[in-house]
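Asker: This structure is in structure tokens; I'll ask about it shortly.
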Amino acid sequence: MKTDQTLGERLRQQGISRRGFLKFCAATASLLALPPGMVPVIAAALEKARRPSVIWLSFQECTGCTESLTRSDAASVEDLIFNTISLDYHHTLQAASGTGAEDARESAMKENWGKYVLVVDGSIPTANPGYSTIAGISNVDMLMEAAAGAAAIVAIGSCASFGGIPHARPNPTGAVSVSDLIKDKPIINVSGCPPIPVVITGVLTHFLTFGIPELDELHRPKAFYGKSIHDRCYRRPFYDKGLFAESFDDEGAKKGWCLYKLGCKGPTTYNACATTKWNQGTSFPIQSGHPCLGCSEPDFWDAGGFYHALSIPTGDTAQTVLYGAAAGVGAGVALGALYRAGKAHAVHQHEKVTINDLEKGG
Amino acid sequence: MTETEFLLWVRGPAFQIATVIFVVGSIVRILEIMILGRKPNLAEARGSAVAGGLRTIITRSWPDRGTFKRSAVTLVSGYVFHAGLFVTILLFAPHILVIDEVLGISWPALPTPLVDATTVITIIALVVVLLHRIKDPVLRFLSRFQDYFVWFLTILPVITGYVAFHRIGLPPPTLIAIHILSVELLMIAFPFTKLAHAFTLFISRWYNGAIAGYRGVNS
Chain A
67 MKTDQTLGER LRQQGISRRG FLKFCAATAS LLALPPGMVP VIAAALEKAR
117 RPSVIWLSFQ ECTGCTESLT RSDAASVEDL IFNTISLDYH HTLQAASGTG
167 AEDARESAMK ENWGKYVLVV DGSIPTANPG YSTIAGISNV DMLMEAAAGA
217 AAIVAIGSCA SFGGIPHARP NPTGAVSVSD LIKDKPIINV SGCPPIPVVI
267 TGVLTHFLTF GIPELDELHR PKAFYGKSIH DRCYRRPFYD KGLFAESFDD
317 EGAKKGWCLY KLGCKGPTTY NACATTKWNQ GTSFPIQSGH PCLGCSEPDF
367 WDAGGFYHAL SIPTGDTAQT VLYGAAAGVG AGVALGALYR AGKAHAVHQH
417 EKVTINDLEK GG
Chain B
432 MTETEFLLWV RGPAFQIATV IFVVGSIVRI LEIMILGRKP NLAEARGSAV
482 AGGLRTIITR SWPDRGTFKR SAVTLVSGYV FHAGLFVTIL LFAPHILVID
532 EVLGISWPAL PTPLVDATTV ITIIALVVVL LHRIKDPVLR FLSRFQDYFV
582 WFLTILPVIT GYVAFHRIGL PPPTLIAIHI LSVELLMIAF PFTKLAHAFT
632 LFISRWYNGA IAGYRGVNS
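One line per chain: the protein sequences are A and B, in this order.
To get my numbering, take the position in the first sequence, counting from 1, and add 66.
To get my numbering, take the position in the second sequence, counting from 1, and add 431.
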């Protein structure tokens, strides 16, 4: 595969029509909330873009992020765009293995030093470097070495972005996110467990055309993570009306009412699920009747249970109230007895004043 | 401490601590009053103490025309913020969910936009109450630190709740955590400050009416 071909040339070679290409650019512009005037700009920038070298490192992960990306509709233009980047190293997808695979990574890094995009999925163990290694190289070492020559790092998935499931309590491997280790490179977090495929390609398109997109405080692109699931949820009117499903098979659930009471984390979760949806816009968890788990947020695994609403106390409060009431009655009765004793004592000490006493005093 | 850990601490240990202090404190304060008792009244009853007590609980909850003329601001803003607190605390869906989880009882919620509007009205009424307290020379003279402190503890959960609902400024889990924490502060202070009037007002009104009723006075 020639690496000096532009993306436009490559697409034409693959038989993608100009019309199909512009449709993709228009879809991307609307996805990124850019004005329609930006469509030609995106097209021009993408046309001229050389296939950027992408090195994809997989650390403590489940391959769900890669699955999410590769299981998106195989014939989509996004998929072709992804084919059109030069994915020089991805140990799940590449044919080479062993020394050959590592050689590919090293030569790609050498040839594109300072220019390649480093994509990371999975968290990095710090408790013991031996917990996760690739070709005998610990994850920390490989990340540090690859990050040094990267133009930017894209952390794909909640593990790479925030530590994810390996980072969940008690975090036996001392798992950390990419941004915990790398401080001197631009990092884009594309969180989610897994992230939405179109968000991954959208972020990449933005990076190729306009550079680093506008990010929120968690380094996530605002275009996709700027609004909460709750704000964009088609069940929101039911929340506002106070109509909730109480269980997974009650009348409310059948009528499609709000899933807040079943533990939906939509109000505190920022992602594009409610708008872009999954499986080519077919559906998303809430639409299929399940509350949002909040997978694109830090520590979503430890947020007090998937099926408990966010505002609910985690302890056994009924028991606390019961014991508290018993202790309160005990303490109250004891204090009351003490006061009564004091009162009785005061009455006992009271001496009656007679006329004679007054005369004596006078 | 990450924002999720903060929220979990607030929902977990902190809420349990606040609940213990609130429950133990409230019961102790009420029992203190009840057990202290009164001397037996040897005078012959000319009316019913029970009827008088109940009647006064009701009649004193309704302002008479004289009070309204004397202190219309206190009366109107006082009623508005108390009613507002009732609506925002007890008729907001997520709050009912908490009560259901803790006590196992629930009731229908009001539509969220209605509760949202009530919150704004409640905040305005509470601000009016404070301004009136500061501006009125008599009220200012009578006010001590605790009066301003309990005002602050009362308005804090309303404001943090409004901010958390509209997710202004901070990450949502942090906003919810701050809101719950402000309620926990209120719960802890409740039995030991003037806020305890929520319980004691019924005792004192009952007592006033009961004495009058016992002696046959039309209270």
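Here a beta-carbon is modelled for each residue, glycine too, at the ideal position from N, C-alpha and C.
Note that the coordinates shown come from a computational prediction; the quantities given were computed from them, not determined experimentally.
Run the CB neighbour count on A/VAL269, radius 10 Å, all protein chains shown included, and call it buried at 16 or more, exposed below.
Answerer: Per the 10 Å Cβ criterion, buried.
Asker: Strictly below 9 Å CB to CB, what residues from chain A border B/LEU521?
Answerer: Those do not exist, as B/LEU521 stays about 13 Å from chain A at its closest Cβ, beyond 9 Å.
Asker: Name the one or two DSSP bridge partners that A/GLN126 has.
Answerer: Per DSSP, A/SER189.
Asker: Going by CA-CA distance only, name the one from B/ALA608, B/VAL589 and B/PHE453 that's closest to A/LEU388.
Answerer: For the residues B/ALA608, B/VAL589 and B/PHE453, the minimum Cα distance to A/LEU388 belongs to B/PHE453.
Asker: For A/LEU184, list the residues DSSP reports as bridge partners.
Answerer: According to DSSP, which records beta bridges pairwise, A/LEU184 is partnered with A/ILE121 and A/ILE219.
Asker: Please report whether the beta-carbon of A/LYS176 lies at a distance below 8 Å from any beta-carbon of chain B.
Answerer: No, no contact with chain B.
Asker: Quick one: using the 10 Å Cβ neighbour count with 16 as the cut-off for buried, is A/VAL413 buried or exposed?
Answerer: Classification of A/VAL413: exposed, given that the 10 Å Cβ count is below 16.
Asker: Within 8 Å, do at least three Cβ pairs link the region 530-543 of chain B to the region 493-511 of chain B?
Answerer: They do not touch, by the three-pair rule.
Asker: Please compile the residues from chain A whose C-beta is within a distance smaller than 8 Å of the C-beta of B/VAL614.
Answerer: Going along chain A, no residue has its Cβ under 8 Å from B/VAL614, so there is no contact; the nearest lies around 10 Å.
Asker: Expressed to the nearest angstrom, what Euclidean distance is found between the alpha-carbon atoms of A/GLY240 and A/ASN205?
Answerer: Cα to Cα, A/GLY240 sits roughly 12 Å from A/ASN205.
Asker: Is there contact between the region 189-198 of chain A and the region 148-165 of chain A, where contact requires at least three CB pairs shorter than 8 Å?
Answerer: The answer is no - the region 148-165 of chain A does not touch the region 189-198 of chain A, with fewer than three Cβ pairs under 8 Å.
Asker: Is A/PHE276 helix, strand or coil when you go by DSSP?
Answerer: If DSSP states are grouped into helix, strand and coil, A/PHE276 belongs with the helices.
Asker: Name, please, each residue of chain A whose Cβ falls closer than 9 Å to the Cβ of B/GLN577.
Answerer: The contacting residues do not exist; B/GLN577 stays about 22 Å from chain A at best.
Asker: What residues from the region 543-554 of chain B come within 7 Å of chain A, judged by C-beta to C-beta, listed N to C?
Answerer: So the list reads THR543 and PRO544, given in the order they occur along the chain.
Asker: Quick check on DSSP: helix, strand or coil for A/PHE314?
Answerer: Coil.
Asker: So what's A/ILE421 in DSSP terms, helix, strand or just coil?
Answerer: Note: A/ILE421 maps to helix in three-state DSSP.
Asker: According to the Cβ coordinates, are B/PHE633 and B/ILE464 closer than 8 Å?
Answerer: The answer is no: Cβ separation not under 8 Å.
Asker: Taking Cβ positions only, does A/SER377 come closer than 8 Å to chain B?
Answerer: Closer than 8 Å to some Cβ of chain B, the Cβ of A/SER377 qualifies, so yes.
Asker: Let me make sure I understand the geometry here. Which of A/GLY355, A/ARG117 and A/THR341 has the alpha-carbon closest to that of A/LYS327?
Answerer: Of the candidates A/GLY355, A/ARG117 and A/THR341, the one whose C-alpha sits nearest the C-alpha of A/LYS327 is A/GLY355.
Asker: Between the Cα of A/ARG78 and the Cα atoms of A/PHE290, A/PHE314, A/LEU112 and A/GLY196, which residue gives the shortest distance?
Answerer: The candidate whose alpha carbon is nearest that of A/ARG78 is A/LEU112.
Asker: Does A/PRO364 get closer than 8 Å to chain B when you measure Cβ to Cβ?
Answerer: It does; some Cβ of chain B falls within 8 Å.
Asker: DSSP three-state call for B/VAL648: helix, strand or coil?
Answerer: Coil.
Asker: Which residues in the same chain have their Cβ closer than 8 Å to the Cβ of A/ALA140, if we skip the five residues on either side of it in sequence?
Answerer: Interpretation of A/ALA140 is limited by its pLDDT of 42, a score under 50 that renders its predicted location unreliable; the figure taken from the coordinates is listed afterwards. Excluding positions up to five away in sequence, the list is empty.
Asker: Given a cut-off of 8 Å, decide if B/ALA641 and B/GLY468 are closer than it, judged by their beta-carbon atoms.
Answerer: No, these two residues do not count as a Cβ contact at 8 Å.
Asker: Leaving out the 5 sequence neighbours to the left and right, which residues in its chain are closer than 8 Å to B/ILE461 when beta-carbon positions are compared?
Answerer: Around B/ILE461: PHE630, THR631 and ILE634.
Asker: For B/ILE607, return the contacting residues in chain A, with the cut-off set at a CB-CB distance below 9 Å.
Answerer: Under the 9 Å cutoff, chain A gives PRO333, THR334, LEU376 and SER377.
Asker: Using a Cβ-Cβ cut-off of 8 Å, state whether B/ALA503 counts as contacting chain A.
Answerer: Not one chain A Cβ lies under 8 Å of B/ALA503.
Asker: State the Cα-Cα distance for the pair A/SER83 and B/ARG598, rounded to the nearest angstrom.
Answerer: Distance between the alpha carbons of A/SER83 and B/ARG598: 45 Å.
Asker: How many Å lie between A/ALA391 and A/HIS374 at the Cα?
Answerer: Near 26 Å, if we compare the C-alpha coordinates of A/HIS374 and A/ALA391.
Asker: Can you tell which of B/VAL614, B/LEU626 and B/VAL459 has the C-alpha that lies nearest to the C-alpha of B/ILE520?
Answerer: The shortest C-alpha separation from B/ILE520 is found at B/VAL614.
Asker: In the DSSP assignment, find the beta strand (DSSP E) that holds A/LEU153 and state where it starts and stops.
Answerer: It spans 152-156 - the beta strand (DSSP E) in which A/LEU153 sits, taken as one unbroken run.
Asker: Around the Cβ of B/PHE572, are there at least 16 other Cβ atoms within 10 angstroms (buried) or fewer (exposed)?
Answerer: The residue is exposed, with fewer than 16 neighbouring Cβ atoms inside 10 Å.
Asker: Please identify, using Cβ separations under 8 Å, the residues of the region 397-427 of chain A that lie next to chain B, in order along the chain.
Answerer: Residues passing the 8 Å Cβ filter: ALA397, GLY398, VAL399, LEU401, GLY402, ALA403, TYR405, ARG406 and LYS409.
Asker: In chain E, which residues lie less than 8 Å from A/ALA384 when you measure between Cβ atoms?
Answerer: No chain E appears in this structure, whose protein chains are A and B.
Asker: Only counting the same chain, and skipping five residues up and downstream in sequence, which positions put a Cβ closer than 6 Å to that of B/ALA524?
Answerer: Answer for B/ALA524: ALA540, listed in chain order.
Asker: Using a Cβ-Cβ distance cut-off of 8 Å, determine whether B/ARG571 contacts chain A.
Answerer: It does not: the Cβ of B/ARG571 has no partner Cβ on chain A nearer than 8 Å.
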